[in-house]
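Number of protein chains: 4
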Amino acid sequence: MRELPVQLATKLYGAAELIADQGLDNTKIDDIAEASGVPKATLYYYFTGKEEILAFLLKDLLTAIAGDVAVAVSAEGPASERLAGVVRAQLGVMLRNPAPCRALVGDLGRATRLPELAAALSAAFYEPVEKLLREGAEDGSLRRAEDPMSEAVMIFGTVTIAGLMEAIMGAHREMDAIANGVARLLLDGLAPRTLDATGA
Amino acid sequence: MRELPVQLATKLYGAAELIADQGLDNTKIDDIAEASGVPKATLYYYFTGKEEILAFLLKDLLTAIAGDVAVAVSAEGPASERLAGVVRAQLGVMLRNPAPCRALVGDLGRATRLPELAAALSAAFYEPVEKLLREGAEDGSLRRAEDPMSEAVMIFGTVTIAGLMEAIMGAHREMDAIANGVARLLLDGLAPRTLDATGA
Amino acid sequence: MRELPVQLATKLYGAAELIADQGLDNTKIDDIAEASGVPKATLYYYFTGKEEILAFLLKDLLTAIAGDVAVAVSAEGPASERLAGVVRAQLGVMLRNPAPCRALVGDLGRATRLPELAAALSAAFYEPVEKLLREGAEDGSLRRAEDPMSEAVMIFGTVTIAGLMEAIMGAHREMDAIANGVARLLLDGLAPRTLDATGA
Amino acid sequence: MRELPVQLATKLYGAAELIADQGLDNTKIDDIAEASGVPKATLYYYFTGKEEILAFLLKDLLTAIAGDVAVAVSAEGPASERLAGVVRAQLGVMLRNPAPCRALVGDLGRATRLPELAAALSAAFYEPVEKLLREGAEDGSLRRAEDPMSEAVMIFGTVTIAGLMEAIMGAHREMDAIANGVARLLLDGLAPRTLDATGA
DNA sequence: CATGAATGAGCTTTCATTCAT
DNA sequence: CATGAATGAAAGCTCATTCAT
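Protein sequence lines, in the order shown, are assigned to chains V, U, B and R. This note's numbering applies: residue 220 is where the first sequence begins, and numbers increase by one. This note's numbering applies: residue 220 is where the second sequence begins, and numbers increase by one. This note's numbering applies: residue 220 is where the third sequence begins, and numbers increase by one. This note's numbering applies: residue 220 is where the fourth sequence begins, and numbers increase by one.
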């Protein structure tokens, strides 16, 4: 994959929606060419094939998530609050980029098979959150996790599915409302707090 | 789609793995024919096409989940315990059927576009869990949800991702360990219980 | 390559001319399909690709040559006369099948790269002729060759080029005239027979 | 086709091998660019296309043959000896330039279709040899040919195939040995000389 | 003068699907 | 009822070629 001229990269985003709607396999290269305004042969000049185009789009999304998550993770304050920040960050990126985000999920299987994506996802999310969970155990704002990695994975799953629901349904709720709902589930769980000192 | 001879149905499961590994679009009908030992033309005699084969496989899985979930939901005891049972039920089916389960996720996008599947998923999971959440609010074992439907969705996401991790990684942990981890996250959350009277 | 129905094989000969005229690379699969009346996809059902079609056509030709050459080689009489018979046999096949014959030459390079063809050629021509040369040395009708294999190759070259000239030019001379010219060159050489007891 | 800088011409010979190995059609312009180290666009600056590059390479070869053949033809001595010289000359050029030589044969079909090549070949070989045959008939060192042109063609074929065998096999015999074998076949034929006054 | 970047025009190949047996 | 054989319809990808710099 050749170095992409920015202008071309920009045009490509126009195709993300298409892929999200139809799935990559139902999206012909011609469609991508037409939707993006980039000639088919030019796409092949820069990419090895269809998959690489999708990978590029998704990597871009993950990079964005990674960036915002990183900011949230290394903010000031107790880990629990920073975790809520992480949730907000991921949801924010997802709601701002619904198309690639739907594409990511629609082709989760394929994404699973793109090794560099798995790595990118891990770096973007799992590792920082895992670190955050450990810090929370130390500052006392989070309970000590038995298996931080798998907990990080579950957190990602929860946030992702929540974000997706919105992306698919067509975002009718406020981002803050969603983020709060997710954060509350993750932090407080579904069981009632007996002596409600913690509460919301 | 004609009524399937059982023997044929059985053979078909052999193809689930294939679809799970490659995604439906990368799986040619010839592949399915070869993997299952059912001649291509015979597949067409019973199914309208590839999609219908996948749908058959997935519906089977969802039916299984629905059944086990239904049992867990209508068991005895407080809603919180029954919710833990639901988690165990879903994870159980997933771990026992890793291939169709991976196929379901790998082709989530398509699944989204197969209306009867969405309906089946809703019936199998969302509705019973939503009902359970309401019951929990009444018997006091669960806090009152603000938006039970979206909470049901998140629960599904969390469990699913946890199950998938195992299905993809190749199940090395005990099913109970996973189920407990998930149930604990969902019920108690990540924050420490201030006055730990509740605990697990 | 699947077993070919005879009817299909027959139709294919219609394409030989085309390939001979344009060379394989300038002959599109569509052309072959149209010229032979066999649908493109059917061609692919039986052959792996364009090359295999050419290989089939050429092998057919070589089989024909091999057959006639074999007859000539194992005829009655001194080796020298049988060698003349071989020349006539090869030229005969070539003149009767000008199209595949031109194709063979036009794509000699490719033919060189089709291993099964090299083997077929060797079996069809080199080996029988080499054997014939040895027999001639014994019955005294041919001089003892220093390197029978390379002499067999040269003989093939001479006959082939002669045959090609005719195939390309469009056969204006009698087959016998050509065969006699070639046989004479091969047997008597260009030098005058000093004491012309042998002569033609 | 613009006047070629020598340095560029030199680089191009590097591509002859490639073309000889794969045939022109399987050789992409990119391959030629890479093999020769000349940028693709630069090739187009000097040549009109692929064919012209091949033509350039082959013409070069034919010019070399023509030169050496001309020298041999117009040497001193009887025509029969000069004919042997011609054989040596052609074989010499072929063995010294195996790559373009294989390319010429591999693409004989195309060469046939490149009119200027046919003309060059005729001028380089057929005409001088035809003339030589006539001279031999006059000085008594060669028998009178019935059809000198077609005999010249056969001579070319014999020598060419012999040269090719070596070029393809990877030249293991001494050039002189080959030349002598060919010359002997052409001059004396395969039949034994009854009263061997002539011999080798 | 030489060339990196870009692309129009096609072609091979693949597959889902049909249907006679 | 089941299936081997055949094919129509598409699509991914390649490559020769151009042109602005």
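The beta carbon of each residue, even a glycine, is placed where N, CA and C say it ideally should be. Quantities reported herein were computed from a predicted structural model and do not represent experimental measurements.
In this structure, does DSSP put residue 414 of chain V in helix, strand or coil? In the first sequence, counting from the first residue as 1, residue 414 of chain V sits at position 195. The pLDDT assigned to residue 414 of chain V is 48, lower than 50, so where the model puts this residue is not dependable, and the model offers no usable value.
Among the candidates V:295, V:223, V:241, whose CA atom is the shortest distance from the CA of residue 261 of chain V? Sequence index remark: in the first sequence, residue 261 of chain V carries index 42 (1-based). That would be V:223, whose Cα lies nearest to the Cα of residue 261 of chain V.
Residue 349 of chain V burial status per 10 Å Cβ neighbour count (16 or more: buried): Translated into positions along the first sequence, residue 349 of chain V becomes position 130. Its Cβ being crowded by 16 or more others within 10 Å, residue 349 of chain V is buried.
If we count the other Cβ atoms within 10 Å of its Cβ and call it buried at 16 or more, is residue 307 of chain V buried or exposed? In the first sequence, residue 307 of chain V corresponds to position 88, counting from 1. The C-beta of residue 307 of chain V has 16 or more other C-beta atoms within 10 Å across all chains shown, which makes the residue buried.
Local conformation of residue 329 of chain V per DSSP, three classes: Position 110 of the first sequence, counted from the start, is the residue given in the question as residue 329 of chain V. Helix, per DSSP.
Please go through the region 309-376 of chain U and give each complete alpha helix (DSSP H) segment of 4 or more residues, from N-terminal end onward. With a minimum length of 4 residues, the continuous alpha helix (DSSP H) runs that stay inside the region 309-376 of chain U are 317-325, 327-332, 334-340, 346-358.
In the structure shown, what three-state DSSP assignment does residue 288 of chain V receive? To locate residue 288 of chain V, count along the first sequence from 1; it is residue 69. Correct three-state label for residue 288 of chain V: helix.
To the nearest angstrom, how far is the alpha carbon of residue 336 of chain U from that of residue 272 of chain U? Position 117 of the second sequence, counting from 1, holds the residue named residue 336 of chain U. Position 53 of the second sequence, counting from 1, holds the residue named residue 272 of chain U. Rounded to the nearest angstrom, the two C-alpha atoms are 13 Å apart.
Between which two residues does the alpha helix (DSSP H) containing residue 245 of chain R stretch? Here residue 245 of chain R refers to the residue found at position 26 of the fourth sequence. First-last for residue 245 of chain R: undefined, no H or E at that position.
Below 8 Å between beta carbons: does that hold for residue 278 of chain V and residue 248 of chain V? The residue labelled residue 278 of chain V in the question sits at position 59 within the first sequence. The residue labelled residue 248 of chain V in the question sits at position 29 within the first sequence. No, these two residues do not count as a Cβ contact at 8 Å.
Enclosing alpha helix (DSSP H) for residue 396 of chain V [first to last residue]: Here the question's residue 396 of chain V lines up with position 177 in the first sequence. Boundaries of the alpha helix (DSSP H) harbouring residue 396 of chain V: 394-407, taken from the DSSP string.
Of the residues R:370, R:391, R:384, R:383, which one's Cα is nearest the Cα of residue 405 of chain R? In the fourth sequence, the residue the question calls residue 405 of chain R occupies position 186. Among R:370, R:391, R:384, R:383, the Cα nearest to that of residue 405 of chain R belongs to R:370.
Assign residue 385 of chain B to buried or exposed, taking buried as 16 or more other Cβ atoms, counted over all protein chains shown, within 10 Å of its Cβ. Stepping through the third sequence from its first residue, residue 385 of chain B is reached at position 166. Label assigned to residue 385 of chain B: buried.
Beta-carbon gap between residue 220 of chain V and residue 267 of chain V smaller than 8 Å: As a working note, residue 220 of chain V is residue 1 in the first sequence. As a working note, residue 267 of chain V is residue 48 in the first sequence. Their beta carbons are under 8 Å apart, which means residue 220 of chain V touches residue 267 of chain V by this criterion.
Rounded C-alpha distance that separates residue 346 of chain R from residue 355 of chain R: Taking the first residue of the fourth sequence as position 1, residue 346 of chain R is located at position 127. Taking the first residue of the fourth sequence as position 1, residue 355 of chain R is located at position 136. Using only the alpha carbons, I get a separation of about 14 Å.
Residue 260 of chain B - containing alpha helix (DSSP H), residue span: Your numbering for residue 260 of chain B matches position 41 in the third sequence. That run of the alpha helix (DSSP H) goes 259-265.
Separation of residue 263 of chain B from residue 302 of chain R, as counted between CA atoms: Numbered from 1 along the fourth sequence, position 83 holds the residue referred to as residue 302 of chain R. Numbered from 1 along the third sequence, position 44 holds the residue referred to as residue 263 of chain B. Those two C-alpha atoms are separated by around 51 Å.
If we define contact as Cβ-Cβ less than 8 Å, is residue 275 of chain U a contact residue for chain V? Position 56 of the second sequence, counted from the first residue, corresponds to residue 275 of chain U. So no, residue 275 of chain U is outside the interface.
Quick one: does residue 317 of chain U have its CB under 8 Å from some CB of chain V? Numbered from its first residue, the second sequence carries residue 317 of chain U at position 98. It does not; no Cβ of chain V falls within 8 Å.
Pair every Cβ in the region 233-252 of chain U with every Cβ in the region 396-411 of chain V, then say whether three or more of these pairs are closer than 8 Å. no
Flag residue 359 of chain U as yes if its beta-carbon sits less than 8 Å from any beta-carbon of chain V, otherwise no. Here residue 359 of chain U refers to the residue found at position 140 when the second sequence is read from its first residue. By this cut-off, residue 359 of chain U is an interface position.
Going by CA-CA distance only, name the one from U:226, U:282, U:411, U:239 that's closest to residue 256 of chain U. Locating residue 256 of chain U in the second sequence gives position 37, counting from the first residue. Of the candidates U:226, U:282, U:411, U:239, the one whose C-alpha sits nearest the C-alpha of residue 256 of chain U is U:226.
Nearest by alpha-carbon distance to residue 342 of chain B: which of B:411, B:286, B:391, B:300 is it? On the third sequence, residue 342 of chain B is found 123 positions in, with the first residue counted as 1. Comparing Cα positions, the closest option is B:286.
Counting pairs of beta carbons, one from the region 353-368 of chain B and one from the region 290-304 of chain B, are three or more of them closer than 8 Å? yes
For residue 384 of chain R, does the three-state DSSP call read helix, strand or coil? The count along the fourth sequence starts at 1 and reaches residue 384 of chain R at position 165. Note: residue 384 of chain R maps to helix in three-state DSSP.
Quick one: what's got a C-beta closer than 7 Å to residue 288 of chain V's C-beta in the same chain, skipping five residues either side? As a first step, residue 288 of chain V must be located in the first sequence, where it is residue number 69. Excluding sequence neighbours, residue 288 of chain V sits near 305, 308, 309, 343, 344, 347.
Less than 8 Å between the CB atoms is what I'm expecting for residue 383 of chain B and residue 322 of chain B, so what's the real figure, rounded? Residue 383 of chain B sits at position 164 when you count from the first residue of the third sequence. Residue 322 of chain B sits at position 103 when you count from the first residue of the third sequence. Going by Cβ atoms, the distance from residue 383 of chain B to residue 322 of chain B rounds to 11 Å, so no, they are not a contact pair.
Alpha carbons only, please: which of U:407, U:409, U:410, U:381 is nearest the one belonging to residue 396 of chain U? The count along the second sequence starts at 1 and reaches residue 396 of chain U at position 177. For the residues U:407, U:409, U:410, U:381, the minimum Cα distance to residue 396 of chain U belongs to U:381.
If we cut at 8 Å on Cβ distances, does residue 301 of chain R have a partner in chain B? Position 82 of the fourth sequence holds residue 301 of chain R. Not an interface residue.
Whose C-beta lies closer than 6 Å to the C-beta of residue 238 of chain R among residues of the same chain, with five residues either side of it excluded? Locating residue 238 of chain R in the fourth sequence gives position 19, where the first residue counts as 1. Answer for residue 238 of chain R: 246, 322, listed in chain order.
Assign residue 372 of chain U to buried or exposed, taking buried as 16 or more other Cβ atoms, counted over all protein chains shown, within 10 Å of its Cβ. Working through the second sequence from its first residue, we reach residue 372 of chain U at position 153. When all chains shown are included, residue 372 of chain U counts as buried.
Short CB-CB distance (under 8 Å) between residue 406 of chain B and chain R: As a working mapping, residue 406 of chain B is identified with position 187 in the third sequence. With 8 Å as the cut-off, residue 406 of chain B counts as an interface residue toward chain R.
Using 10 angstroms around the beta-carbon of residue 418 of chain V, count the other beta-carbons present and answer buried if the total reaches 16, otherwise exposed. The residue you call residue 418 of chain V lines up with position 199 of the first sequence. For residue 418 of chain V, the predicted structure reports a pLDDT of 41, less than 50, and the residue's modelled location is therefore unreliable. A value from the coordinates is still provided. Residue 418 of chain V is exposed by the Cβ-count criterion.
Give the residues of chain V in contact with residue 370 of chain U, contact being defined as C-beta atoms less than 7 Å apart. The residue you call residue 370 of chain U lines up with position 151 of the second sequence. Ordered by position in chain V, the residues that pass the 7 Å Cβ test against residue 370 of chain U are 404.
Please classify residue 378 of chain B: is it buried, with 16 or more other beta-carbons within 10 angstroms of its beta-carbon, or exposed? Numbered from 1 along the third sequence, position 159 holds the residue referred to as residue 378 of chain B. Classification of residue 378 of chain B: buried, given that the 10 Å Cβ count is 16 or more.
Using a Cβ-Cβ cutoff of less than 6 Å, which residues in the same chain neighbour residue 332 of chain R once the five nearest sequence positions on both sides are dropped? Position 113 of the fourth sequence, counting from 1, holds the residue named residue 332 of chain R. Excluding positions up to five away in sequence, the list is empty.
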